[in-house]
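Everything in the sequence shown is counted per the working numbering, starting at 11 for the first residue and increasing by one.
By construction, the Cβ of each residue, glycine as well, lies at the ideal position given by its N, Cα and C atoms.
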Amino acid sequence: MKKTLALIHTGTFLVPVFERLVQEVMPGVSLFNIVDESLLKNTIAEKRLTPLTARRLAGYIESAEEAGADVIMVTCSSVGPAVDAARPFAAVPVLRVDQAMADQAVRVGRRIGVIATLSTTLKPTADLVRARAEVQGRDVEIVEKLCDGAFEAVAAGDGATHDRIVAAALRELMTQVDAVVLAQASMARVVDGLAEEEKTVPIFTSPRLGVEAAKAALEELN
C-alpha cells in the first residue's frame, strides 16, 4: 500500500519547493500539505513561540494523523520546539525539517555557524544544534548570525535584496566556523548562487536533508 507523507508549512511559497523535492526523492509517496501562515506571523509578532501557537500546531499534527499520514514533517524551524512537544502524543513519526541538517553539521564540525533572517528562528535552530550535539556526545560551539533586513526585504517581494544580504552574511560567517547551518528552508536558494570556490566550509540546508529523513522514516515502516 502506498505510504502517505504530510507536510505542515507556515508559508505557501514552501509548498512547491517541497513538492518538487518529494517527487524527486520518493516519487511513489502520496503527499498532502497543510498550510497556515499565521503560525509564523504570530510567532514573529510575539517575538517568541507562544503556548497558543504551539497548541495550534499540535492540532494540525493531530489532523494530519487523522487524515491518514504515515509520517508528518513540519517545515518551519521557528515552531520546532512545538514539534518536539507534540511528538509524544502522535502515533506516527513527527519530524522537524531541520533535525537532519543539525545532525549532519554536528558530525563534521566543532565550531558551527547558524545563520537566520529571523531571531525567532535563530534561537530554536541554535538550540537544536546543541541538543543534537549532546545526543551524539560531541562538544560544539555555536556562532549565531542574524541577517538584519533580509526577511523584511523578501516579505516585501524583494528577493534579490534578501539573497544579497544572506550571501554577504554567509561569506563572513564561513571565515569563522567549521560548518554552517541555514536556519530557514527559504534561505537554501542562496547557496546555489555562490561560486563553488566561495563555499570554504560545508553549508547545510534543511529542505533536501529533511525530505531524505522523511523518506527514511517511511521506509522504516515497511
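{"Item": "Expressed to the nearest angstrom, what Euclidean distance is found between the alpha-carbon atoms of Pro98 and Glu207?", "Value": "44 Å"}
{"Item": "Note down, one range per segment and in chain order, each beta strand (DSSP E) of at least 3 residues found wholly within the stretch 155-206.", "Value": "189-192"}
{"Item": "Anyone know if the C-beta pair for Glu230 and Ala110 falls short of 8 Å?", "Value": "no"}
{"Item": "So which of Thr130, Arg117 and Ala112 has the shortest CA-CA distance to Gly220?", "Value": "Ala112"}
{"Item": "Could you tell me whether the stretch 198-205 touches the stretch 67-75, using the rule of 3 or more Cβ pairs below 8 Å?", "Value": "no"}
{"Item": "Examine the Cβ distances between the stretch 156-167 and the stretch 126-135 and report whether three or more of them are shorter than 8 Å.", "Value": "yes"}
{"Item": "To the nearest angstrom, report how far apart Asn232 and Arg66 are at their CA atoms.", "Value": "30 Å"}
{"Item": "For the putative contact between Gln146 and Phe214, defined by C-beta atoms under 8 Å, what is the C-beta separation to the nearest angstrom?", "Value": "Not quite, the Cβ-Cβ distance comes to about 15 Å (not below 8 Å), so this is no contact."}
{"Item": "With a Cβ-Cβ cutoff of 8 Å, do Ser87 and Thr135 count as a contact?", "Value": "yes"}
{"Item": "State the DSSP-derived secondary structure class of Ala115, mapped to helix, strand or coil.", "Value": "helix"}
{"Item": "Thinking C-alpha only, which one of Thr60, Asn52 and Gly78 is nearest Ser40?", "Value": "Gly78"}
{"Item": "State the Cα-Cα distance for the pair Asp80 and Met36, rounded to the nearest angstrom.", "Value": "14 Å"}
{"Item": "Given this structure, state the Cα-to-Cα distance separating Val25 from Ala141, to the nearest angstrom.", "Value": "28 Å"}
{"Item": "Would you tell me roughly how many angstroms separate the C-alpha atoms of Gly119 and Asp188, rounded to the nearest one?", "Value": "5 Å"}
{"Item": "Return the chain-ordered list of same chain residues with a C-beta closer than 6 Å to the C-beta of Pro103, the five sequence neighbours on each side being excluded.", "Value": "Val81 and Ala227"}
{"Item": "Here's the rule: buried if 16 or more other CB atoms are within 10 angstroms of the residue's CB, otherwise exposed. What is Ser216?", "Value": "buried"}
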